[in-house]
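In what follows, a single structure is set out as structure tokens and then discussed.
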Amino acid sequence: MADLSRLSLNTITVREQLTLRQCIEACARHGIPCIDPWRDKIAELGLANAIRHFRDAGVRPSGVCRAGLFTAGDPVATRDENRRAIDETAALGADCLVTIPGGLPAGSKDLAGARRFAEDALAELVPYARAAGVTLALEPLHPMTCGDRSIWSTMAQVLDLCDALGEGTGIALDVYHIWWDPALAAGIARAAGRIAGYHVCDWKVPTRDLVWDRGMMGDGVIDIPAITAMVEAAGYTGPIGVEIMSAADWWTRDADEVLTVTKDRFAHCV
Ligand code: ZN
13 MADLSRLSLN TITVREQLTL RQCIEACARH GIPCIDPWRD KIAELGLANA
63 IRHFRDAGVR PSGVCRAGLF TAGDPVATRD ENRRAIDETA ALGADCLVTI
113 PGGLPAGSKD LAGARRFAED ALAELVPYAR AAGVTLALEP LHPMTCGDRS
163 IWSTMAQVLD LCDALGEGTG IALDVYHIWW DPALAAGIAR AAGRIAGYHV
213 CDWKVPTRDL VWDRGMMGDG VIDIPAITAM VEAAGYTGPI GVEIMSAADW
263 WTRDADEVLT VTKDRFAHCV
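Position in the sequence shown (first residue = 1) + 12 = the working numbering.
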């Protein structure tokens with residue numbers, strides 16, 4: 013059972029209800045110590061204001077979402093955007109910057125080539141992150157996203173990259189993306205010492221939409237406490253992000269209700 017002192021609310025869980033400023037105030041009111049902020053929400057409020065509101069409310073920014081998307085567009089523009097994301101993460105004093113690679117470039121079927129391209133772009137970015145004191149939390153996504161969002165599908169793929177690139181990289185473990193993996197236990201054990209973030213939600217059966225229908229912890233089929241135990245056995249004691257994209261359900265509810273249920277499920281189902 014997870015302690016509330018480790019709860020970090022991902023702003024996407026209340027994306028439709030709250031601005032970042034409102035989210036910070038709501039977390040302070042609910043005793044939620046951390047927030048994983050998305051960059052569009054930071055931009056909306058302004059970086060300097062975001063820094064000030066976090067500080068004044070006594071709420072800590074944990075994992076900034078997100079960077080990467082190396083395969084998605086113009087390489088120079090992408091590099092510059094990723095450097096800005098690193099600068100923002102450093103300015104906020106957040107724990108890490110969640111990084112995903114992007115999917116196949118439009119019109120391409122060259123998956124191996126896309127992976128090489130993303131690895132090269134990541135390798136070029138790591139020294140910039142290191143110099144800023146920022147850890148890139150590389151997040152493998154469920155293989156169903158390989159075409160459009162992430163050509164890193166397994167923990168093994170990402171840990172190979174961490175092995176190759178070293179300081180400045182770590183892995184973000186999200187139960188939604190790793191629970192199905194037959195090598196789950198081995199992957200988490202191998203990640204020991206390199207876990208930069210841990211995200212929870214649940215996998216509903218049936219799932220009506222593979223991106224926007226994530227479940228609240230306890231409403232699906234993932235044995236979250238078992239995964240949490242593995243993550244803790246691997247030495248991770250940092251914040252646990254609650255990241256629920258739920259267009260038809262949680263995004264339609266009152267934000268205070270969402271936060272109340274989130275705290276209850278965090279205490280009993282994580
Ligand atoms: Zn995640």
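Cβ atoms here follow ideal geometry from the backbone N, Cα and C, with glycine treated the same way.
Q | Sub-8 Å separation of F278 and V254 beta-carbons | A | Counted from its first residue, the sequence shown places residue 278 at position 266. Counted from its first residue, the sequence shown places residue 254 at position 242. Closer than 8 Å, so yes.
Q.
For a quick check, are the C-beta atoms of V76 and A60 less than 8 Å apart?
A. In the sequence shown, counting from the first residue as 1, residue 76 sits at position 64. In the sequence shown, counting from the first residue as 1, residue 60 sits at position 48. No, the Cβ-Cβ distance between V76 and A60 is not below 8 Å.
Q. Under a three-way DSSP split, which group does S74 fall into?
A. Stepping through the sequence shown from its first residue, residue 74 is reached at position 62. Three-state DSSP puts S74 in coil, outside helix and strand.
Q: Give the range of the alpha helix (DSSP H) segment to which G125 is assigned.
A: Here residue 125 refers to the residue found at position 113 of the sequence shown. Unbroken alpha helix (DSSP H) run through G125: L123 to A144.
Q. Can you give the beta carbon distance from A130 to G114, rounded, assuming they're within the 8 Å contact cut?
A. Locating residue 130 in the sequence shown gives position 118, counting from the first residue. Locating residue 114 in the sequence shown gives position 102, counting from the first residue. Rounded, the Cβ-Cβ distance is 7 Å, consistent with contact.
Q: Would you list, in sequence order, the uninterrupted alpha helix (DSSP H) runs of no fewer than 4 residues that lie entirely inside the stretch 42–72?
A: 51–57 and 59–69
(Q) Is the separation between the beta-carbon of S17 and that of D48 shorter than 8 Å? (A) On the sequence shown, residue 17 is found 5 positions in, with the first residue counted as 1. On the sequence shown, residue 48 is found 36 positions in, with the first residue counted as 1. Cβ atoms of S17 and D48: not closer than 8 Å.
Q) First and last residue of the beta strand (DSSP E) that includes A208? A) Working through the sequence shown from its first residue, we reach residue 208 at position 196. Residues I207 to V212.
Q) Within 10 angstroms of its Cβ, does D280 collect 16 or more other Cβ (buried), or is it exposed? A) Along the sequence shown, one-based indexing puts residue 280 at 268. Just to set this straight, residue 280 is His in the shown sequence, not Asp. Counting Cβ neighbours within 10 Å, H280 comes out exposed, since fewer than 16 surround it.
(Q) Does the beta-carbon of H211, which I'm using as the reference point, lie nearer than 7 Å to any heavy atom of ligand 1? (A) Counted from its first residue, the sequence shown places residue 211 at position 199. For ligand 1, at least one heavy atom lies less than 7 Å from the Cβ of H211.
**Q.** Cβ contact (3+ pairs, closer than 8 Å) linking the stretch 201–216 and the stretch 225–244
**A.** yes
(Q) At a cut-off of 7 Å, would you count D186 as near ligand 1, judging by its Cβ distance to the nearest heavy atom? (A) Reading the sequence shown from its first residue, position 174 is the one you call residue 186. The answer is yes for D186.
Q) Given a threshold of 16 other Cβ atoms within 10 Å of its Cβ, counted over all protein chains shown, does P152 qualify as buried or as exposed? A) Taking the sequence shown and counting its residues from 1, the one referred to as residue 152 is at position 140. Burial call: buried.
Q) Taking contact to mean at least 3 C-beta pairs separated by less than 8 Å, is the stretch 49–59 in contact with the stretch 133–147? A) no
Q | Counted within 10 angstroms of its Cβ, other Cβ atoms place G199 as buried (16 or more) or exposed | A | By one-based count along the sequence shown, residue 199 stands at place 187. Burial call: buried.
Q: Grab the span of the beta strand (DSSP E) containing L185 for me, first residue to last.
A: As a working note, residue 185 is residue 173 in the sequence shown. Taken as a continuous stretch (DSSP letters only), the beta strand (DSSP E) holding L185 covers T181 to D186.
Q: Taking all protein chains shown into account, decide if R220 is buried (16 or more other Cβ within 10 angstroms of its Cβ) or exposed.
A: As a first step, residue 220 is located in the sequence shown; it is residue number 208 there, counting from the start. Counting Cβ neighbours within 10 Å, R220 comes out exposed, since fewer than 16 surround it.
Q: Find out if the Cβ-Cβ distance for the pair I207, L185 is shorter than 8 Å.
A: Working through the sequence shown from its first residue, we reach residue 207 at position 195. Working through the sequence shown from its first residue, we reach residue 185 at position 173. A contact, by the Cβ cut-off of 8 Å.
Q. Can you tell which of L81, L104, A102 and L32 has the C-alpha that lies nearest to the C-alpha of E93?
A. To locate residue 93, count along the sequence shown from 1; it is residue 81. Out of L81, L104, A102 and L32, L81 has the C-alpha closest to the C-alpha of E93.
Q) Within 10 angstroms of its Cβ, does R64 collect 16 or more other Cβ (buried), or is it exposed? A) Here the question's residue 64 lines up with position 52 in the sequence shown. Exposed.
Q: Compare the C-alpha of E100 against each of D193, A141, T274 and H154 and name the closest.
A: Locating residue 100 in the sequence shown gives position 88, counting from the first residue. Closest by alpha carbon: A141.
Q: Indicate the three-state DSSP secondary structure (helix, strand or coil) for C158 in the structure shown.
A: Locating residue 158 in the sequence shown gives position 146, where the first residue counts as 1. In the structure shown, C158 sits in coil (DSSP, three-state: anything other than H, G, I, E or B).
Q.
For G80, list the residues DSSP reports as bridge partners.
A. The count along the sequence shown starts at 1 and reaches residue 80 at position 68. Partner(s): I112.
Q: Measure the C-alpha to C-alpha separation of A124 and P117 and round it to an integer number of angstroms.
A: Translated into positions along the sequence shown, residue 124 becomes position 112. Translated into positions along the sequence shown, residue 117 becomes position 105. About 12 Å.
**Q.** Start-to-end residues for the beta strand (DSSP E) that takes in I252
**A.** Within the sequence shown, residue 252 is the residue found at index 240, counting from 1. From DSSP, the beta strand (DSSP E) with I252 extends over I252 to V254.
Q) Under a three-way DSSP split, which group does A195 fall into? A) For this step, residue 195 is matched to residue 183 along the sequence shown. Coil.
(Q) Closer than 7 Å to a non-hydrogen atom of ligand 1 - does that hold for the CB of E255? (A) Along the sequence shown, read from residue 1 onward, the residue named residue 255 stands at position 243. Result yes, Cβ under 7 Å from ligand 1.
Q) Would I256 pass as a contact of V282 if the rule is Cβ separation under 8 Å? A) Taking the first residue of the sequence shown as position 1, residue 256 is located at position 244. Taking the first residue of the sequence shown as position 1, residue 282 is located at position 270. No. Outside cutoff.
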